[in-house]
Amino acid sequence: MKKTLTLCMLSIGLCLMSCGDSKNKKDIKMYSETWDQIVNDGNLDLINNTNFTEDITMISSPENIVGIDNFKAFYQNFITGFSDIQFTVVDIFGEGDNIIKHWNFKGKHTGDFFGIPATGKSVDIEGVTLAKMKDGKIAQEQDFMDNMLFMQQLGIMSSSDNIGIVDAAYKAFGTGDIPAVLAVLDEKVEWNEAEGNAYADGNPYIGPDAVLNGIFKRIGDDHEYFKLTDIQLHDMSNNQVLATLRYDAKVKKTGKSYNTQAAHLWTFNNGKVVAFQQYVDTKQLATAFNK
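For the sequence shown, our numbering begins at 22 and goes up steadily by one.
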């Protein structure tokens with residue numbers, strides 16, 4: 022009798038485990054397909070009471086977002102705020118009514134996003150979502166992501182790394198390590214010299230090779246020495262760094278020296294310099310270059 026009862030209990034237990042596992046797989050499949058269509062296809066109408074509970078709740082600060090209409094309005098910002106959207110579920114798994122999703126979101130900010138006007142910036146951000154299911158519907162979600170990195174990619178906040186990158190570039194220039202300077206430039210960097218500067222004849226220089234041949238090589242050919250002194254770096258918004266400095270140089274052709282104020286505006290995107298603008302007293306440069 023005991024043996025029969027034990028076998029019966031074991032059979033029931035295995036059945037419950039199997040049923041639970043099957044239910045979780047079904048929930049994961051529904052969850053993945055629903056979010057794929059909502060984000061990648063822009064089908065916000067799938068945020069309805071067929072796929073979500075009426076009181077769907079997003080755990081958020083300073084207050085939760087509750088209800089289908091509010092939930093839908095929240096995600097409307099992503100669909101209208103970004104184009105070229107690619108939403109990828111990197112990994113997903115669950116147990117019982119709980120689902121964990123590791124995701125990646127890519128897109129270009131071309132529309133209004135929670136009141137932020139389009140910046141034209143591209144974002145590539147990863148995060149994790151904890152979700153709860155109820156009777157086959159999505160009942161609760163809580164997102165975890167690097168919001169500061171997200172804002173930096175949008176250009177709303179500057180990366181703390183920018184000043185360090187510019188500082189290292191100036192130090193590399195000072196030692197003649199031009200390849201290290203070029204390494205911080207984006208492959209499509211737009212480099213502009215001050216209007217009136219002889220080197221402005223190629224504005225804008227597009228790409229590191231153009232900067233090397235149009236600027237750095239000419240500086241080396243034209244000068245006995247060319248030093249950057251009194252460099253001060255100023256962190257700015259919109260992923261920009263302003264450098265104030267002086268040029269201490271001597272022109273080979275004329276033998277004339279000059280020491281003049283200058284400023285450089287560096288613009289970053291995802292850790293690379295995408296734009297550079299020089300400001301300098303071009304009259305002093307012209308005087309030094311002319312006999």
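Note that CB positions come from ideal geometry on N, CA and C, so glycine has one too. Model, not experiment: these values are computed from the prediction.
In the structure shown, the three-state DSSP call for T55 is helix.
Closest in C-alpha terms to D251, from the list I86, K192 and A204, comes K192. Between L65 and Y96, the gap from beta carbon to beta carbon is short of 8 Å. Under a 10 Å Cβ-count criterion, S180 is classified as buried, with 16 or more other Cβ atoms of the shown protein chains found around its own Cβ. The C-beta distance from A296 to E211 rounds to 5 Å, short enough to meet the 8 Å contact threshold.
The Cβ neighbour count for E208, taken over all protein chains shown within 10 Å, is under 16; the residue is labelled exposed. For M169, the enclosing alpha helix (DSSP H) covers residues N168 to L175.
Taking all protein chains in view, the Cβ of G276 is surrounded by fewer than 16 other Cβ atoms within 10 Å, so the residue is classified as exposed. Assignment of V205 by DSSP, reduced to helix, strand and coil, places it in the coil class. In the DSSP assignment, A296 falls within the beta strand (DSSP E) that extends over K293 to V301. Inter-segment contact for the segment 218-225 and the segment 252-261 is absent: fewer than three beta-carbon pairs are separated by less than 8 Å. The DSSP-derived three-state label of S278 is strand.
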